[in-house]
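Beneath this line is the structure, given in structure tokens, with notes to follow.
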Amino acid sequence: MPREGGRRETFPRNQRLLNSRDFRNVFRQRRKTAARCGSLHASRNGLGYTRLGITVSRKVSKRAVERNRIKRLVREYFRKNKTLADGADLVFTAFPTCTALTNREFVDALDQLWRRTAVKCAR
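Mapping of the sequence shown onto our numbering: residues 2 to 124, in sequence order.
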């Protein structure tokens, strides 16, 4: 659905990591940055745009509502800041400690994590 500026604010299929092979390729690169909310693995993809994968296991929270909240916040942050790590595949893995954070605290921690990862990707 278009917003005020006429731009669609979606998470299109081509910007998602969809299969296990893509996830494995990112994990093999061993470019990992961690913060209190989770870790972010990164690798160059050669596509010219950024793709995102999200993992939130039941170890993080047994409640689907909590796991979905985390995924929504990560997707929204990615949508607004995907140009920070242009041309990279990213996988966010949530830690159990993130369920205790408020949305604002989670987004702040995610912002720090994202910016540190963007610096690593630029190298």
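Even glycine gets a Cβ: it sits at the ideal position worked out from N, Cα and C.
State the CB to CB distance for the pair residue i and residue j, rounded to an integer number of angstroms; the pair is presumed to be in contact (CB under 8 Å).
{"i": "Phe-28", "j": "Arg-76", "result": "So it is not a contact: roughly 20 Å between Cβ atoms."}
{"i": "Trp-115", "j": "Asn-69", "result": "The pair is not a contact, with the Cβ atoms about 20 Å apart (cut-off 8 Å)."}
{"i": "Leu-62", "j": "Thr-100", "result": "Correcting the residue identity first, residue 62 is Ser in this sequence and not Leu. With 8 Å as the limit, Ser-62 and Thr-100 qualify as a contact, their Cβ atoms being about 5 Å apart."}
{"i": "Ala-35", "j": "Ile-71", "result": "The pair is not a contact, with the Cβ atoms about 15 Å apart (cut-off 8 Å)."}
DSSP on residue i, reduced to helix/strand/coil?
{"i": "Arg-64", "result": "coil"}
{"i": "Arg-32", "result": "strand"}
{"i": "Arg-37", "result": "coil"}
{"i": "Phe-96", "result": "coil"}
{"i": "Ser-44", "result": "strand"}
{"i": "Leu-19", "result": "coil"}
{"i": "Asp-87", "result": "coil"}
{"i": "Thr-51", "result": "coil"}
{"i": "Thr-56", "result": "strand"}
{"i": "Leu-114", "result": "helix"}
{"i": "Leu-102", "result": "coil"}
When burial is assigned at 16 or more other CB atoms within 10 Å of the CB, is residue i buried or exposed?
{"i": "Val-66", "result": "exposed"}
{"i": "Leu-48", "result": "exposed"}
Going by the CB atoms, is the gap between residue j and residue i shorter than 8 Å?
{"i": "Asn-46", "j": "Asp-90", "result": "yes"}
{"i": "Arg-37", "j": "Ala-110", "result": "yes"}
{"i": "Arg-32", "j": "His-42", "result": "yes"}
For this session: Would you be able to state if there are at least three C-beta pairs under 8 Å between the segment 80-89 and the segment 54-72?
Result: Taking 8 Å as the limit for Cβ pairs, the verdict is that the segment 80-89 does not touch the segment 54-72.
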